[in-house]
Amino acid sequence: MSSSTRRRELGRGERILPGVWRLRLPLPWPGIPHCNAWAVAAGDGVVLFDCGLHEPGSLAQLERAMAQCDLRLEHVRLLVCTHAHADHYGQAASVIDAGGCELWMHPEDAHMRAAIDNPDAVHARRLEVALQSGVPLAPLKEWSRSARERGSGVARLVEPDGELVEGVVVETDLGPWIVLETPGHAPSHVCLHQPDRRLLLSGDHLLGRVSLYFDFGWTADPVGEFLASLDKVAALDARLCLAGHARTFTDVEAHIEANRALVCERLERVLRAVAEHGPITAYDVVPLLYGQQLTQLTAGWWLPETLSYLRRLEVVGAVRRAGEEPERWLAA
Ligand SMILES: [Zn+2]
Ligand SMILES: [Zn+2]
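Just so we're aligned, residue 421 is where the sequence shown starts under this note's numbering, counting upward by one.
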């Protein structure tokens, strides 16, 4: 079925625990059918954690999911975004307009801000990185055209009222949720921990199914940051994870370990590719890493991920750049 005839999911809401509701919101992305927002009871309303992507009709899906839990946008007392990706922050402006609430988010949100403020510059930068990574010009032009057509998924830029930095507390009827900075997936990523009930709101840091994505180019070493964030979350001993996509899960430690194992496996595979085929471009590492060439569908995901592994290996002294155009990598 083409994407235009594919039956779209509808927003759905369900109670997970007394005072905790999962709002499952449809996404237009292939392979990622929905994301979650979480409503947690707070006084005469709720704190809403994340809010879904903005696109035509998306607010009605959020309202539909909330209505199934006897909630309305006017009940939102505070919007907390785990990170500044469109599927978690996109509808922030719409929620604030309807609910009149505050927005709290981590201040390292330049990766989203740039895409809204100056999409042309971000786009040009992405093209430059792709060319530098060895992506051939012909497919790149086509990929870049379709990426532009997809739009940002953000209703409009809204300034946060509060900064979700380490140790900040979000009060709810279930008790306080404590902010942990967990960069890696995105520079602005935070998790929220409710220690009495051993709950973890994990955003995209930990998902039920291991799925790695790194925002490349905003911080020094996204993979190293992600691994450190996994260690941090492992120390919490959380019992139930409320993730940014799909269902809740309980075996938090096993999920952390599975993420670590996949990152290590991919780092080893990239190192082997560089050692056996170097000097090699990031573009040519991709099929050796994933078993498939880069395509329009995977370029925005696999290229930053591959570059993030190369960067990690560079930081630990295992590979180096050969200093050519496009950039090629060698074992150190
Ligand atoms: Zn994300
Ligand atoms: Zn997400």
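A virtual CB, placed ideally from N, CA and C, is assigned to each residue, including glycine.
* To do: State buried or exposed for E728, treating a residue as buried only when at least 16 other CB atoms are found within 10 Å of its CB.
  => Just to set this straight, residue 728 is Ser in the shown sequence, not Glu. Burial call: buried.
* Under a three-way DSSP split, which group does R740 fall into? -> In the three-state DSSP reduction, R740 falls in the strand class (E or B).
* Name, in chain order, the residues that DSSP records as bridge partners for L523. => Per DSSP, L499.
* Asked: Going along the chain, which residues of its own chain have a beta-carbon closer than 7 Å to the beta-carbon of V467, five neighbours each way excluded?
  -> The residues are V460, R497, L498, V500, V590 and T592.
* For W563, the nearest candidate out of R576, P699 and A544 (CA to CA) -> The closest CA to that of W563, considering only R576, P699 and A544, is found on A544.
* Looking at the unbroken beta strand (DSSP E) that takes in A453, where does it start and where does it end? -> Here residue 453 turns out to be Pro, not Ala, going by the sequence shown. Start and end: I452 to A462.
* Asked: Closest by CA to L473, which one among D641, S553 and D507?
  -> Per the Cα distances, D507.
* Determine, using beta carbons only, whether H503 and V610 come nearer to each other than 8 Å. => Yes, the pair counts as a contact, with Cβ atoms nearer than the cut-off.
* Asked: CA-CA distance, Q511 and V574?
  -> Spanning the alpha carbons of Q511 and V574 requires a straight line of approximately 6 Å.
* **Cβ separation of R741 and E747, assumed to be a contact under 8 Å, to the nearest whole Å** => Indeed, because the Cβ distance is near 6 Å, the residues count as touching under 8 Å.
* Asked: Quick one: what's G433 bridged to in DSSP?
  -> As DSSP reads the structure, G433 sits in a beta bridge with L443.
* Asked: Can you find a heavy atom of ligand 1 that lies under 7 Å from the Cβ of H474?
  -> A distance criterion of 7 Å places the beta-carbon of H474 beyond contact range of ligand 1, judged by its closest non-hydrogen atom.
* Nearest neighbour of T639, chosen from T718, F669, A654 and G604 [CA to CA] -> Minimum Cα distance to T639 is reached at G604.
* Asked: Does DSSP put G644 in a helix, a strand or coil?
  -> Of the three classes helix, strand and coil, the one that applies to G644 here is helix, per DSSP.
* To do: With DSSP as the reference, label F702 as helix, strand or coil.
  => The amino acid occupying residue 702 in the given sequence is Ala; Phe does not appear at that position. DSSP, reduced to helix, strand and coil, places A702 within a helical segment of the structure shown.
* Which term fits P446, buried or exposed, when burial requires 16 or more other beta carbons within 10 angstroms of its beta carbon? -> When all chains shown are included, P446 counts as buried.
* In chain order, what residues of the same chain lie with their CB nearer than 6 Å to the CB of D671, ignoring the 5 residues before and after it? -> Close CB contacts of D671 within its chain, under the 6 Å cut and outside five residues either way in sequence, are absent.
* Asked: When every heavy atom of ligand 2 is checked, does at least one fall within less than 7 Å of the C-beta of H531?
  -> No; taking the cut-off as 7 Å, the Cβ of H531 has no heavy atom of ligand 2 nearer than that.
* Asked: Just the residues with CB closer than 5 Å to a heavy atom of ligand 1, in chain order, which are they?
  -> Residue list for ligand 1: H505 and D624 (CB closer than 5 Å to any heavy atom, chain order).
* **Three-state class that DSSP yields for L774 in the structure shown** => Missing from the structure shown is residue 774; the chain here goes from 421 to 752 and no further.
* Asked: Any heavy atom of ligand 2 closer than 7 Å to the Cβ of H526?
  -> For H526, the CB stays at least 7 Å from every heavy atom of ligand 2.
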